[in-house]
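A short worksheet on the structure shown next.
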Amino acid sequence: MFATYLGASLLPIGALATVLLNGVQEDAAKQGRDQGIAQAAVIAEMAVAPALDAADLSRGLTDSERDSLAKATDLALFHGSVLRMRLRTFTGQVVYSDDGSTSGGVPVSDPAFHSATVGVAGATMIADATEAGGKVIRVLQPVFARASGEAIGVLELYLPYDKIDQRLHEQMAVTYWRLGGGLGVLYLALGLISWSTTRSLRRYAARQEHEALHDGLTGLPNREAFRQRAAAALREDKGGAVVVVDLNRFKEVNDTLGHHAGDELLKVITARLRGGVRQQDTVARLGGDEFALIVPGADADEVRVMLESLRTVLTSEVVLDGVPLTIEASFGIALYPAHGAEVEELLRHADAAMYQGKRGTADIVVWGGERTRHPTQWLVVQAELRHALDRDELVLFYQPKVSLSDGTICGVEALVRWQHPERGLLPPAEFLPAAEQSGLIEPLTAWVLRRALTDQAAWAAAGRDWTVSVNVSARNLEAADFAGMVEALLAEFGTAPDRLVLEVTETAMVDDRATSMAAIHRLAGRGIGFSMDDFGTGYTSLERLRGVPLVELKIDRTFVATVLEEKENQAIVHAVIALSRGLGCRVTAEGVETAEIADWLAAAGCDEAQGYHYSRPMPWAQISVPIPEEAIR
């Protein structure tokens, strides 16, 4: 661009120089003509007019007048200040010439001659006939009589131009240097202006390009830059991963400490993300509290190892406005080309995996195919679920809890199903996550409680004194009227509070612990039991158990399924049983599939068990009482 500016500015400078030089040359020529006219006027007045004091040119010159004229002009002709001279009448007749000729000269019809006859001198630059390339100045000067002051003839002079030309060249040389210097300075100034302008434009363009592709707060590449870099990584065809990172409970920071604190937290997270990845990896901010990574040349295990380390760094404590905070994050991984060949497809899959992690206990999730439902699909599920509540399409199944000491049913867990009009009977995983992401979880939980208490009243009337366990979410415990709603339902059905057990997970008391604990203590004070479900699979501290009035700890199926083969799981089960004894509550094992596992658990001191070994979930009327002997032994 700078070279273009220089070239463009050179054109007007060259044009200006040409105009100025032409003007100088014209001025020089005019100066030469003016000098010739002045010299001719001096000769006519000082030499010719005195010699013709009373002459009448129309009658010719006398010998004395001719001699006087010759004496007056010989010196000028001798020194060469005058090359040729003719004295002519108004009719063009030559009455005197330096070489004695009586003919020749400018025709009478020439406008310059006519002007001279009326008293106006004129000069013309003509070629010198005696010297190739030379020039002379021809002057037609009117001659005035001294006595009367009237024009009496025309003096035709030929004056040398070489001396005038030499002086003009000297003056022109100075003028050229001045003109060249001035134009050079002007060109240099234009060049500096062009250089400064182009540099500013380049910087502005670079700044605009950077701002168009980078986040203004963190300086990270934005969503568009991420797409471009991800597309470039896909074209390299070396494999890798796209990771979506979403901060948990970031909105609470903005709501409690203000948006300035949220901005500072995002800057801290940005620095930690940059420091936790490789040099060839890309960290981008997609918007809000959502970030993304491009990890080229890595497989699933390598990405997991990196994210485990990165999670440790991200979750280290940070102090904002004097408040210590620990921020957790959820990671969704999509591998390329295995999980997609397009950037948007990979982002969608990684986003779905990340949301699956938010709904579950694992915060690092690899996209698992179509079973990993994307959040946009939940919108459809939520809309259909609203109609399902209105149309009474939900049903309750129950899975018995069996006492390991005698094999009797001591309670049942209520498990909701959806009898979808088109897709058939749907398990909870197909719709509960969508409900938890919306306000539907509250009316759904209320429906489950009402249905479960209705069924319990029926089996209690049939002489089956079972407790019923109902799963509740964090959103239920944080709802202002949840405890009151449960109390009202117990009163409506006349159910003894100790016949109801509410199952919560470790993470249910993480978000708003104060509100959750207030609801738990209020309901526990009424005699309602609380069970810690999926114990050991979350990332919460044991400190969360303090002050929670538990009647049951449930060992997650992930530890139970391989307890016979893995000593680590045996140690965990023994530890949970010992912990439950210290907390004064019973312990229940989930996912018991074989009699051998049931025997091992009974020997380890586990109180109760549930799983397919005893019964699959089914309507309460189909539950066998007692459990078949072959399922116990």
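Numbered according to mature numbering (1 follows the signal peptide of the UniProt record, and there is no 0), the sequence shown spans residues -17 to -1, 1 to 616. Even glycine gets a Cβ: it sits at the ideal position worked out from N, Cα and C. Quantities reported herein were computed from a predicted structural model and do not represent experimental measurements.
Supposed contact pair residue j and residue i - C-beta distance, whole angstroms, cut 8 Å
i, j, result
"A345", "A317", "A345 to A317, Cβ: 16 Å. No contact."
"G245", "F233", "7 Å"
"V451", "A397", "6 Å"
"Q593", "P410", "The pair is not a contact, with the Cβ atoms about 16 Å apart (cut-off 8 Å)."
"G136", "L60", "With a Cβ gap of about 19 Å, G136 and L60 do not count as contacting."
"G394", "W449", "5 Å"
"A95", "I20", "Not really, about 11 Å apart at Cβ, beyond 8 Å."
"T265", "P320", "Not really, about 18 Å apart at Cβ, beyond 8 Å."
"A412", "L368", "Between L368 and A412 the Cβ distance is about 14 Å, and since that is not below 8 Å, they are no contact."
"L329", "A208", "At roughly 16 Å, the Cβ-Cβ gap does not stay under 8 Å, so L329 and A208 are not in contact."
"E293", "G259", "Checking the displayed sequence, the identity of residue 293 turns out to be Leu instead of Glu. Sure, about 4 Å apart at Cβ, within 8 Å."
Buried or exposed by the 16-neighbour rule on C-beta atoms within 10 Å, applied to residue i
i, result
"I277", "buried"
"I511", "buried"
"R333", "The residue asked about is misnamed: residue 333 is Ala in this sequence, not Arg. Buried: at least 16 other Cβ atoms inside 10 Å."
"M289", "buried"
"H322", "buried"
"Y338", "buried"
"K537", "buried"
"T295", "exposed"
"G340", "buried"
"E9", "exposed"
"R255", "buried"
"W160", "exposed"
"R42", "exposed"
Nearest to residue i (by Cα), restricted to the options the options
i, options, result
"G223", "R232, E325 and V431", "E325"
"D539", "H557, D517, I560 and V546", "D517"
"A587", "V570, P279 and R186", "V570"
"V301", "L290, V349, E291 and E247", "E247"
"W74", "S98, M468, D81 and V349", "Residue identity check: residue 74 is Thr in the sequence provided, not Trp. If we check each option's Cα against that of T74, S98 comes out closest."
"L200", "A214, Q22, M500 and L249", "L249"
"L196", "R268, P143 and R218", "R268"
"Q124", "S41, G594 and E139", "E139"
"Q573", "G315, E28, S386 and W350", "For the record, residue 573 in the displayed sequence is Glu; it is not Gln. Of the candidates G315, E28, S386 and W350, the one whose C-alpha sits nearest the C-alpha of E573 is S386."
"F465", "E591, L432, D81 and G390", "L432"
"Y144", "Q22, Q263 and L562", "Q22"
"A27", "V348, V126 and A581", "V126"
"F380", "A429, R599 and N231", "R599"
"Q14", "M108, D57 and T1", "M108"
"Q605", "D438, D93, G351 and K146", "D438"
"residue 631", "D93, D57 and A581", "Nothing can be reported for residue 631: it is not among the residues displayed for the chain, which extend from -17 to 616."
"L423", "D46, L372 and L308", "L372"
"E327", "R210, L408 and A312", "R210"
Run of the alpha helix (DSSP H) containing residue i, from where it starts to where it stops
i, result
"D238", "F233 to L240"
"T384", "Before going on, a small fix: residue 384 reads as Lys here, not Thr. Not the alpha helix (DSSP H): K384 falls in the beta strand (DSSP E), residues L377 to S386."
"W430", "I424 to A444"
"residue 624", "Since the first residue of the chain shown is -17 and the last is 616, residue 624 is not available in this structure."
"H557", "K550 to L566"
"K221", "Careful: K221 lies outside any alpha helix (DSSP H) and carries neither H nor E."
"T107", "First-last for T107: G105 to A110, but that is the beta strand (DSSP E), not the alpha helix (DSSP H)."
Residue i, enclosing beta strand (DSSP E) - first and last residue
i, result
"M468", "Note, M468: premise wrong, no beta strand (DSSP E); alpha helix (DSSP H) at F465 to F476."
"E419", "Here E419 belongs to no beta strand (DSSP E); instead the alpha helix (DSSP H) covers L415 to E419."
"L140", "A134 to P143"
"M289", "Element bounds for M289: not the beta strand (DSSP E) but the alpha helix (DSSP H), A283 to L297."
"E535", "E535 to I538"
"T265", "T265 to G270"
"F513", "G512 to F518"
"S452", "T450 to N454"
"I120", "K118 to F127"
"W401", "I392 to H403"
Same chain only: Cβ atoms within 7 Å of residue i, ignoring 5 sequence neighbours per side
i, result
"Y141", "L66, R67, V119 and R121"
"W583", "V546 and L547"
"V251", "V301"
"F542", "G519, N552, I555 and V556"
6 Å CB neighbourhood of residue i in its chain, flanking five on each side removed
i, result
"E273", "D229"
"V286", "A224, V278 and I316"
"M515", "L533 and L536"
"T1", "none"
"R616", "Bear in mind that the predicted position of R616 carries a pLDDT of just 49, short of 50, making it unreliable; the figure below should be weighed with that in mind. Cβ neighbours of R616 beyond the five flanking positions: none."
Nonlocal neighbours in the same chain, by C-beta distance under 8 Å from residue i, ignoring five residues either side
i, result
"A34", "E48, S51, L52, K54 and A55"
"S64", "Q22, L142 and P143"
"P602", "V378, L379, F380 and Y381"
Chain B contact for residue i (CB, 8 Å cutoff)
i, result
"Q553", "Absent from the structure: chain B. Only one protein chain is present."
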